[in-house]
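What follows is a short report on a single structure.
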Amino acid sequence: MNIRRVAFDHPDAVKLNDQVQAEYHVRYGDGGDATPLDPSDFAPPNGAYLIAYDESDRPVATGGWRSQDDNGEGNENGDAELKRMYVVDDMRGRGIARLILAALEDDARDAGRIRMVLETGTKQPEAIALYASSGYAPCTKFGYYRFHEASRCYAKAL
């Protein structure tokens, strides 16, 4: 696996983002994640966006983080918010998401962030299992979906 830092609007990132949005729509029936995101959210030193490529240079997984501070939506100063974690269907179950997650945590820590936070939903049990097994614990809800019943928020000290 070759993990590379790319811009959020890189063509491979756009392709994988379209796929994850389609999956969110299938699971939740709502058209996908409506959280406002801007490519600049993931620009260093305030964020990062990573893509894992397989041995044939095919983009197979993605994930990013963006800086968040106290913003009236439940975030705290020093937060790094995890966004758009996704692995293509035929590559799941190989530990790629765990590799991306660890790389994002390291990057956010190196950037001075003190806590990684994320929001997922009840119809994503695989994601919940990954985060729980990676040391994340439930936290106060934050962000765009903080008032949605199906929303679950997790945090881990970096």
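No gaps in the numbering here: position 2 of the sequence shown is 2 in the UniProt record's numbering, and each next residue is one more. Every residue, glycine too, gets a C-beta built ideally from N, C-alpha and C.
Which residue's Cα is closest to the Cα of residue i: the options?
i	options	result
residue 140	133, 150, 155 and 128	155
residue 114	82, 43, 16 and 125	82
residue 48	150, 7, 117 and 57	7
residue 55	78, 91, 76 and 73	91
residue 32	84, 143, 152 and 138	84
Do residue j and residue i have their beta-carbon atoms positioned less than 9 Å apart in this structure?
i	j	result
residue 98	residue 50	no
residue 102	residue 45	no
residue 96	residue 127	no
residue 78	residue 42	no
Run the CB neighbour count on residue i, radius 10 Å, all protein chains shown included, and call it buried at 16 or more, exposed below.
i	result
residue 36	exposed
residue 38	exposed
residue 26	exposed
residue 17	buried
residue 67	buried
residue 147	exposed
residue 11	exposed
| task | Go through the UniProt domain "N-acetyltransferase" (1 to 158) residue by residue and report every complete run of the beta strand (DSSP E) that reaches 3 residues or more, in order. | result | 2 to 5, 47 to 53, 59 to 68, 79 to 87, 115 to 121 and 151 to 157
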